[in-house]
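Take a look at the structure below.
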Amino acid sequence: MNFKVTDVEQFQAQKQFIDTAIVPLLQLDFAEQGMKQSSSAGEYLMSLTNFIEQQFKGRIMLLPPFSYTVNTKSETLPTTIEQELKDAGFKSIIFVTCDHSWTEFKEFLNIIWLPPIPLESMDKSVKQRILEDQLKQVIPNLTNIWV
């Protein structure tokens with residue numbers, strides 16, 4: 003499920019089944035050297051979170067990414083987002099990111115960090131295999147959160 007009207011209506015009608023929100027945390031870098039790397043990480047993060055959503059359709063709602071720069075990053079905003087999502091009826095809120103700095107908040111938040119893999123030059127079948135391999139790494143994290 004994605005954050006669109008038809009899926010939100012379904013969530014509101016079936017909150018007991020659709021209990022997990024995934025929030026991608028996406029760092030943007032507009033510096034000359036960092037823009038390509040940032041966009042590559044963003045492409046990977048969005049491809050992976052969309053793939054996770056497809057695999058767990060009916061259990062997970064994928065929210066739009068929370069995008070930030072080094073200067074606009076707020077350590078308190080994910081906690082606020084988490085509380086608002088819990089108030090909306092989600093039991094589990096999972097933040098997925100390629101920005102390693104968020105791992106210091108693992109004590110307080112459900113953070114899944116994965117190193118970015120540049121997908122832009124791969125053909126479709128290789129991308130699919132990589133996403134499947136990454137999903138295999140994410141599933142134990144999801145299972146631990148849901149238990």
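Counted the way my numbering counts, the sequence shown spans residues 3 to 149. Ideal Cβ placement from N, Cα and C applies to all residues, glycine included.
Burial state of residue i, where buried means 16 or more other Cβ atoms lie within 10 Å
i: W148; result: exposed
i: N112; result: buried
i: T8; result: exposed
i: F92; result: buried
i: E84; result: buried
i: V72; result: exposed
Cβ-based neighbour list, residue i, same chain, cut-off 6 Å, excluding 5 preceding and 5 following
i: E55; result: I62, L64
i: F19; result: none
i: A43; result: C100, P118
Own chain partners of residue i with C-beta closer than 7 Å, once the 5 adjacent residues on each side are dropped
i: E45; result: L121, E122
i: I119; result: Y46, I132
Inter-residue spacing [alpha-carbon to alpha-carbon] between residue i and residue j
i: F5; j: Q35; result: 32 Å
i: S40; j: F53; result: 20 Å
i: T22; j: H102; result: 22 Å
i: I95; j: Q16; result: 17 Å
i: V60; j: M3; result: Here the sequence assigns Gly to residue 60, which means Val is not the residue at that position. Cα to Cα, the separation comes out at about 7 Å.
Complete alpha helix (DSSP H) runs within the stretch 33-89 (minimum length 4 residues, chain order): 37-57
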